[in-house]
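**Q** Here it is, the structure, as structure tokens.
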Amino acid sequence: MTKPNPLDYVRPNILALEPYSTARDEFKGGDIEVWVDANESPYPSGLNRYPDPHQKKLKEAIARLKGVREENIFIGGAGSDEAIDLVYRIFCRPGVDNVISIAPTYGVYQVSADINDIEFRKVALDEAYNLDVDKLLAAADENSKLIWLCSPNNPTGNAFAPEDIIRVVEKFNGIVVVDEAYIDYSPYPSLLNVLDDYPNLIIMQTFSKAWGMASLRMGMAFAAPGIAELFARVKYPYNVNGPTQEELLRRIETTDIAPNVRETLSERRRLAEALAGMPAVVEVKPSDANFLLVRVTDADALYDALIADGVIVRNRNRVRGCEGCLRITVGTPVENDRVISIVKKFQTEE
Numbered sequence: 003m004t005k006p007n008p009l010d011y012v013r014p015n016i017l018a019l020e021p022y023s024t025a026r027d028e029f030k031g032g033d034i035e036v037w038v039d040a041n042e043s044p045y046p047s048g049l050n051r052y053p054d055p056h057q058k059k060l061k062e063a064i065a066r067l068k069g070v071r072e073e074n075i076f077i078g079g080a081g082s083d084e085a086i087d088l089v090y091r092i093f094c095r096p097g098v099d100n101v102i103s104i105a106p107t108y109g110v111y112q113v114s115a116d117i118n119d120i121e122f123r124k125v126a127l128d129e130a131y132n133l134d135v136d137k138l139l140a141a142a143d144e145n146s147k148l149i150w151l152c153s154p155n156n157p158t159g160n161a162f163a164p165e166d167i168i169r170v171v172e173k174f175n176g177i178v179v180v181d182e183a184y185i186d187y188s189p190y191p192s193l194l195n196v197l198d199d200y201p202n203l204i205i206m207q208t209f210s211k212a213w214g215m216a217s218l219r220m221g222m223a224f225a226a227p228g229i230a231e232l233f234a235r236v237k238y239p240y241n242v243n244g245p246t247q248e249e250l251l252r253r254i255e256t257t258d259i260a261p262n263v264r265e266t267l268s269e270r271r272r273l274a275e276a277l278a279g280m281p282a283v284v285e286v287k288p289s290d291a292n293f294l295l296v297r298v299t300d301a302d303a304l305y306d307a308l309i310a311d312g313v314i315v316r317n318r319n320r321v322r323g324c325e326g327c328l329r330i331t332v333g334t335p336v337e338n339d340r341v342i343s344i345v346k347k348f349q350t351e352e
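Just so we're on the same page, this note's numbering is the position in the sequence shown counted from 1, plus 2.
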């Protein structure tokens with residue numbers, strides 16, 4: 003199979019773009035004691051210097067953690083949302099190109115498409131939320147630049163078989179973006195191990211879920227070096243602040259997420275089993291993520307009952323394909339007990 007050249011899908015103005023060069027981009031190394039190149043305040047505050055615009059130390063640590071090369075990595079300062087927006091700006095011509103997405107899925111894909119004036123084509127999953135590869139590919143035309151696949155998918159919770167995703171990557175004449183935000187909870191391995199085989203594949207991950215750093219807003223995109231370089235060219239110069247880089251680096255080097263992931267998987271099973279036995283619950287959807295999509299008898303009323311008792315879940319009742327559903331994140335054992343108790347109380351009152 004001839005490997006596609008991902009640069010063939012890039013907007014011509016992006017290929018020709020001369021990126022902004024910071025003062026630190028021009029610095030090639032040396033024993034510097036006086037820094038008067040970037041119009042910073044010279045008075046030490048711990049925050050008076052600009053951060054590394056290329057996050058070199060952080061990329062080194064992520065490369066070791068994920069088993070990829072540094073040149074495959076883009077780091078976003080707004081979680082995965084920054085990478086999502088950059089994908090549109092790099093590959094899609096406003097008012098001309100279109101993208102294809104499964105539905106239901108993560109809503110930011112469409113919001114970002116609307117912001118960038120890109121047609122967003124939805125291909126519905128089946129009733130069991132399975133992926134129909136042929137149907138997805140049939141939605142494409144000559145102006146289709148991207149396919150979005152979230153696996154495990156939000157809000158449905160299920161992961162797609164790697165062979166189905168690879169088939170999409172091999173058959174689609176464009177870029178396939180696989181969002182692996184919940185991969186640490188999935189029975190399937192990450193597709194990072196085949197990244198070098200598919201130049202038209204972009205994989206997104208995040209530190210917001212299993213790593214417990216949602217407040218830091220750190221996301222990653224992994225891609226062929228040519229694509230990763232385009233991310234670096236188009237992004238804003240200092241998109242990740244210095245304290246965040248330092249804190250993330252410290253946590254990567256000192257944190258073991260395995261115990262929390264194991265407990266979450268155990269609690270996911272316990273919570274699903276407990277909810278499934280309640281009259282107020284119609285169905286608990288199978289999950290490969292850290293949440294459950296639960297179809298209930300009255301989603302709005304149960305949502306209000308949970309809030310009234312101090313618990314907030316996500317009401318997905320108005321999302322097409324998720325009618326009657328609440329999305330419930332797997333919490334700590336104590337938090338899960340609270341959810342179970344409220345749902346049980348709600349069914350009794352009904």
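Built from N, CA and C at the ideal position, the CB exists for glycine as well. Note that the structure is predicted; figures quoted are calculated from it, not measured.
What is the C-beta distance between residue 294 and residue 284, in whole angstroms, given that I count them as a contact (C-beta under 8 Å)?
**A** Stepping through the sequence shown from its first residue, residue 294 is reached at position 292. Stepping through the sequence shown from its first residue, residue 284 is reached at position 282. Wrong, their Cβ atoms sit about 13 Å apart, outside the cutoff.
**Q** Please report the Cβ distance between residue 53 and residue 184, rounded to the nearest whole angstrom; I am assuming they are in contact, meaning their Cβ atoms lie under 8 Å.
**A** In the sequence shown, the residue the question calls residue 53 occupies position 51. In the sequence shown, the residue the question calls residue 184 occupies position 182. That pair is no contact at about 29 Å.
**Q** Hey, which unbroken runs of the beta strand (DSSP E) at 3 residues or more fall wholly within the stretch 94-155?
**A** Runs found: 100-105, 121-126 and 146-152.
**Q** Is the stretch 209-220 touching the stretch 239-255 in the sense that three or more CB pairs, one from each, lie closer than 8 Å?
**A** As far as the Cβ criterion goes, the stretch 239-255 touches the stretch 209-220, which means the pair count is three or higher.
**Q** Could you spell out the range, first to last residue, of the beta strand (DSSP E) harbouring residue 254?
**A** Within the sequence shown, residue 254 is the residue found at index 252, counting from 1. From DSSP, residue 254 is part of no beta strand (DSSP E) but of the alpha helix (DSSP H) over 244-256.
**Q** Less than 7 Å between C-beta atoms, sequence neighbours within five positions excluded: which residues of the same chain meet that for residue 95?
**A** The residue labelled residue 95 in the question sits at position 93 within the sequence shown. Cβ within range, chain order: 13.
**Q** By Cβ distance, which residues of its chain are closer than 7 Å to residue 299, with the 5 residues on each side in sequence left out?
**A** Against the sequence shown, residue 299 aligns to sequence position 297. For residue 299, where only same-chain residues beyond five positions count, the Cβ hits under 7 Å are 282 and 284.
**Q** Strictly by DSSP, which residues pair up with residue 208?
**A** For the purposes of this step, residue 208 is taken as residue 206 along the sequence shown, with counting starting at 1. Beta-bridge pairing links residue 208 to 221.
**Q** The alpha helix (DSSP H) spanning residue 302 covers which residue range?
**A** In the sequence shown, the residue the question calls residue 302 occupies position 300. Looking at the DSSP string, the run of the alpha helix (DSSP H) that includes residue 302 is 301-310.
**Q** Quick check on DSSP: helix, strand or coil for residue 80?
**A** To locate residue 80, count along the sequence shown from 1; it is residue 78. Residue state, collapsed to three classes: strand.
**Q** Going straight from the alpha carbon of residue 125 to that of residue 67, what length do you get?
**A** Residue 125 sits at position 123 when you count from the first residue of the sequence shown. Residue 67 sits at position 65 when you count from the first residue of the sequence shown. Going from the Cα of residue 125 to the Cα of residue 67 covers about 34 Å.
**Q** Within the same chain, show all residues whose beta-carbon is closer than 7 Å to that of residue 88, passing over the 5 residues directly before and after it, in chain order.
**A** By 1-based counting over the sequence shown, the position of residue 88 is 86. For residue 88, where only same-chain residues beyond five positions count, the Cβ hits under 7 Å are 233, 236 and 237.
**Q** To which residues does DSSP link residue 297 through a beta bridge?
**A** Indexing the sequence shown from 1 puts residue 297 at position 295. Paired residue(s): 285 and 327.
**Q** Please state the DSSP three-state secondary structure of residue 332.
**A** By 1-based counting over the sequence shown, the position of residue 332 is 330. In the structure shown, residue 332 sits in coil (DSSP, three-state: anything other than H, G, I, E or B).
**Q** Would you check if the distance between the CB atom of residue 55 and the CB atom of residue 27 is smaller than 8 Å?
**A** Here the question's residue 55 lines up with position 53 in the sequence shown. Here the question's residue 27 lines up with position 25 in the sequence shown. Against a cut-off of 8 Å, the Cβ pair of residue 27 and residue 55 comes out as a contact.
**Q** Using 8 Å as the cut-off, can you tell me whether the stretch 300-308 makes contact with the stretch 317-329, which would need three or more C-beta pairs spanning the two stretches below that distance?
**A** Yes, the stretch 300-308 is in contact with the stretch 317-329.
**Q** Going by other Cβ atoms of all chains shown within 10 Å of its Cβ, with 16 needed for buried, is residue 314 buried or exposed?
**A** Counting from 1 along the sequence shown, the entry for residue 314 is found at position 312. Flag for residue 314 reads exposed.
**Q** Compare the Cα-Cα distances from residue 93 to each of 63, 139 and 9 and report the closest residue.
**A** Taking the sequence shown and counting its residues from 1, one reaches residue 93 at position 91. The candidate whose alpha carbon is nearest that of residue 93 is 9.
**Q** Cutting at 6 Å between CB atoms, please list the residues of its own chain near residue 2, excluding the five before and the five after it.
**A** Since the displayed the chain opens at 3 and closes at 352, residue 2 lies outside it and no answer follows.
**Q** Taking all protein chains shown into account, decide if residue 345 is buried (16 or more other Cβ within 10 angstroms of its Cβ) or exposed.
**A** For the purposes of this step, residue 345 is taken as residue 343 along the sequence shown, with counting starting at 1. Flag for residue 345 reads buried.
**Q** Using a 10 Å radius around the Cβ and a threshold of 16 neighbouring Cβ atoms, would you call residue 15 buried or exposed?
**A** In the sequence shown, counting from the first residue as 1, residue 15 sits at position 13. Residue 15 should be labelled exposed.
**Q** If you draw a straight line from the alpha carbon of residue 267 to that of residue 134, how long is it in whole angstroms?
**A** Working through the sequence shown from its first residue, we reach residue 267 at position 265. Working through the sequence shown from its first residue, we reach residue 134 at position 132. About 27 Å.
**Q** Do the stretch 139-150 and the stretch 165-178 touch if we need at least three Cβ pairs shorter than 8 Å?
**A** They touch, by the three-pair rule.
**Q** Using the C-alpha atoms, what's the distance from residue 220 back to residue 144?
**A** Taking the sequence shown and counting its residues from 1, one reaches residue 144 at position 142. Taking the sequence shown and counting its residues from 1, one reaches residue 220 at position 218. Their backbone Cα atoms lie some 34 Å apart in a straight line.
**Q** Cutting at 6 Å between CB atoms, please list the residues of its own chain near residue 207, excluding the five before and the five after it.
**A** Locating residue 207 in the sequence shown gives position 205, counting from the first residue. These residues qualify, in order along the chain: 182 and 222.
**Q** Could you give the first and the last residue of the continuous alpha helix (DSSP H) run that contains residue 178?
**A** For the purposes of this step, residue 178 is taken as the residue at position 176 of the sequence shown. Not the alpha helix (DSSP H): residue 178 falls in the beta strand (DSSP E), residues 177-181.
**Q** Determine the contact status of residue 155 and residue 190, defining contact as a CB-CB distance below 8 Å.
**A** Within the sequence shown, the letter at position 153 stands for residue 155. Within the sequence shown, the letter at position 188 stands for residue 190. No, the Cβ-Cβ distance between residue 155 and residue 190 is not below 8 Å.
**Q** Out of curiosity, what's the CA-to-CA distance linking residue 163 and residue 169?
**A** Along the sequence shown, one-based indexing puts residue 163 at 161. Along the sequence shown, one-based indexing puts residue 169 at 167. Going from the Cα of residue 163 to the Cα of residue 169 covers about 10 Å.
**Q** In whole angstroms, what separates the C-alpha of residue 84 from that of residue 348?
**A** Here residue 84 corresponds to residue number 82 of the sequence shown, with the count starting at 1. Here residue 348 corresponds to residue number 346 of the sequence shown, with the count starting at 1. Roughly 40 Å separates the two Cα atoms.
**Q** Which one of 311, 42, 339 and 274 has the shortest CA to CA distance from residue 329?
**A** Walking along the sequence shown from the start, residue 329 turns up at place 327. The shortest Cα separation from residue 329 among 311, 42, 339 and 274 belongs to 274.
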